[in-house]
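Take the sequence shown: its letter number 142 is residue 142 in the numbering used here, and every next letter is one higher.
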Amino acid sequence: MIASVLPTYNRAPFSFVKGEGSWLIEADGRRFLDLGAGIAVNVLGHANPALTEALTAQAGSVWHTSNLYEIPQQKALADKLVDATFADTVFFTNSGTESCELAVKMARKYWYEKGHPERTEIITFSGSFHGRSSAGIAAAGSEKMTKGFGPLLPGFVHLPFADHEAIAPAITHHTAAIMIEPVQGEGGIIPVPDQCLKGLRDLCDEHGILLILDEVQCGVGRTGKLFAHEWAGIEPDIMMVAKGIGGGFPLGAVLSTENAASGMTAGTHGSTYGGNPLGCAVGNAVMDAVNTPEFLDDVNRKAGALRQKLEGLVAAHPDMFESVRGQGLMIGIKCKATNTDIVQAGYDQQVLTVPAADNTIRLLPPLNITDEEIGEAVDRLDKAAASLAA
1 MIASVLPTYN RAPFSFVKGE GSWLIEADGR RFLDLGAGIA VNVLGHANPA LTEALTAQAG
61 SVWHTSNLYE IPQQKALADK LVDATFADTV FFTNSGTESC ELAVKMARKY WYEKGHPERT
121 EIITFSGSFH GRSSAGIAAA GSEKMTKGFG PLLPGFVHLP FADHEAIAPA ITHHTAAIMI
181 EPVQGEGGII PVPDQCLKGL RDLCDEHGIL LILDEVQCGV GRTGKLFAHE WAGIEPDIMM
241 VAKGIGGGFP LGAVLSTENA ASGMTAGTHG STYGGNPLGC AVGNAVMDAV NTPEFLDDVN
301 RKAGALRQKL EGLVAAHPDM FESVRGQGLM IGIKCKATNT DIVQAGYDQQ VLTVPAADNT
361 IRLLPPLNIT DEEIGEAVDR LDKAAASLAA
């Protein structure tokens with residue numbers, strides 16, 4: 001008999017009933033050090049006082065109205081994002097998947113309004129992940145994502161990741177945009193080198209097409225900049241955001257230049273819950289905490305400390321691990337042992353990590369993880385590797 005919860009996840013046998021900063025507490029009282037943070041979501045940890053206060057205060061006044069009316073919290077958050085980024089305008093969603101849907105629509109509508117309805121194709125790359133909607137799986141194109149869900153939404157051109165020579169020839173009079181994650185998350189924590197992002201920006205400018213960045217997982221301070229593309233010194237035309245922007249409350253956004261968003265007029269897109277007062281109240285608190293030089297400098301300092309300790313971990317367990325990669329507090333450990341076995345061994349040591357493609361485990365801790373917790377995390381991973389080797 002099928003479970004009351006649709007069985008699309010192989011869930012670990014834990015029921016967490018309380019969170020405290022970087023820790024999750026199981027119903028039986030065990031404390032787990034959370035290096036997954038809800039898959040890069042809980043950027044300020046669990047039960048963060050500032051986020052709790054913002055949500056509680058908003059809940060005591062207005063939960064929901066509708067985008068038929070002005071929403072002051074939404075306007076405030078949009079202003080903060082516009083002031084802090086390349087963007088001129090923001091549309092709020094509930095998730096990264098919804099952000100992908102709008103980014104695709106926005107790029108195609110841009111060209112339609114320019115008198116080029118034939119420009120519908122979006123170039124994407126192998127190993128990518130853009131959500132699980134019809135557009136998201138079609139954009140990724142992998143068999144794992146698409147098998148059994150055809151017919152697929154047309155209009156995506158899939159290229160091998162890091163095959164620079166394939167990109168320019170793939171641009172035709174049907175091309176609307178190039179879409180890429182500055183750091184592949186589900187693909188195994190694979191950063192796109194700065195020079196490659198610069199090259200993509202130059203290529204888009206040369207051909208007059210749009211550059212869409214998917215920063216759902218790598219954005220909101222995760223790499224030590226507010227957004228990962230800032231390391232390369234470039235700006236996209238459209239950017240997808242979610243996960244960390246809500247700190248655990250469902251919230252996403254599409255950020256855009258005025259030019260790229262020019263086709264999106266009244267009635268062309270909408271959302272019942274996107275940008276609701278509760279989500280935006282929390283999003284404002286997240287931005288206030290994360291978007292400061294002091295906070296981002298501390299993310300980079302802690303990232304360096306964690307990276308150094310993880311390099312030592314890999315050296316100590318050459319049969320278990322191969323290498324460390326990533327940027328900021330978005331770190332992947334390429335494994336020699338089966339990555340899911342290492343995740344399981346971590347469960348036994350009460351440390352939570354997240355598996356990814358390319359036999360990788362992901363470490364995506366809260367950005368305010370303490371130095372002591374970083375040391376404890378690596379100690380627990382060391383014990384997990386030793387127990388698995390034994």
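Every residue gets a Cβ at the ideal spot worked out from N, C-alpha and C, and that includes glycine. Computed from a predicted model, the values in this text were never measured in an experiment.
Contact annotation: the region 319-339 does not touch the region 95-115, with fewer than three C-beta pairs closer than 8 angstroms. Note that the region 301-313 does not touch the region 65-85; fewer than 3 beta-carbon pairs, one per stretch, sit closer than 8 angstroms. Residue 327 is not a Cβ neighbour of residue 193, given a cutoff of 8 angstroms. Fully contained in the region 71-109 are the following alpha helix (DSSP H) runs of length 4 or more, in chain order: 72-84.
The alpha-carbon separation between residue 80 and residue 89 amounts to approximately 11 angstroms.
If you look at residue 146, you'll find it in the alpha helix (DSSP H) that goes 143-146. The beta carbon of residue 373 sits closer than 6 angstroms to those of 22, all from its chain and outside the five residues before and after it, given in chain order. For residue 158, the enclosing beta strand (DSSP E) begins and ends at 156-159. In the three-state reduction of the DSSP assignment, residue 12 falls in the coil class, being assigned neither a helical nor a strand state. The beta carbons of residue 286 and residue 329 sit no closer together than 8 angstroms. Around the beta carbon of residue 121, a 10 Å sphere encloses 16 or more other beta carbons of the protein chains shown; the residue is thus reported as buried. Within its own chain, the residues whose Cβ lies closer than 6 angstroms to the Cβ of residue 99, once the five positions on either side in sequence are excluded, are 93, 240, 242, 252 and 254, listed in chain order. When the Cα atoms are used, residue 214 and residue 176 turn out to be separated by approximately 16 angstroms. The DSSP assignment places complete beta strand (DSSP E) segments of no fewer than 3 residues inside the region 211-260 at 238-241 and 252-256, in order along the chain. The DSSP-derived three-state label of residue 117 is coil. About 16 angstroms separates the beta carbons of residue 35 and residue 314, which is beyond the 8 angstroms limit, so they are not a contact pair.
By the Cβ neighbour-count rule, residue 156 is buried, with 16 or more other Cβ atoms within 10 Å of its own. Of the candidates 341, 256 and 198, the residue whose Cα lies closest to the Cα of residue 104 is 256. If you look at residue 195, you'll find it in the alpha helix (DSSP H) that goes 194-207. With 16 or more neighbouring CB atoms inside 10 Å of its own CB, residue 366 falls in the buried class. Under the 8 angstroms Cβ criterion, the region 35-50 counts as touching the region 219-234, having at least three qualifying pairs.
For the options 184, 132 and 358, the alpha carbon positioned closest to that of residue 338 is the one of 358. Along the region 324-348, the beta strand (DSSP E) occurs as fully enclosed runs of 3 or more residues at 330-335, listed in sequence order.
Note on geometry: alpha-carbon atoms of residue 174 and residue 127 lie some 23 angstroms from one another. Burial state of residue 2 is exposed, judged by a 10 Å Cβ sphere holding fewer than 16 other Cβ atoms. Distance from the CA atom of residue 14 to the CA atom of residue 64, rounded to whole angstroms, is 32 angstroms. Ranked by Cα distance from residue 158, the first of 129, 209 and 228 is 129.
Residue environment analysis places residue 237 among the buried positions, since at least 16 neighbouring C-beta atoms fall within 10 angstroms of its C-beta.
One alpha carbon belongs to residue 30, the other to residue 349, and they sit about 10 angstroms apart.
Residue 282 sits in a helix when the DSSP states are folded into three classes. Cβ contact annotation for residue 280 (same chain, cutoff 6 angstroms, sequence separation greater than five): 73, 74 and 77, in chain order. Your pair residue 168 and residue 203 checks out as a contact, with CB atoms roughly 6 angstroms apart and the cut at 8 angstroms. Annotated as proximal: residue 296 and residue 226, with beta-carbon spacing under 8 angstroms.
DSSP, read as helix, strand or coil, puts residue 162 in coil.
DSSP places residue 26 inside the beta strand (DSSP E), whose first and last residues are 23-26.
Residue 125 places its beta carbon 8 angstroms or farther from that of residue 137.
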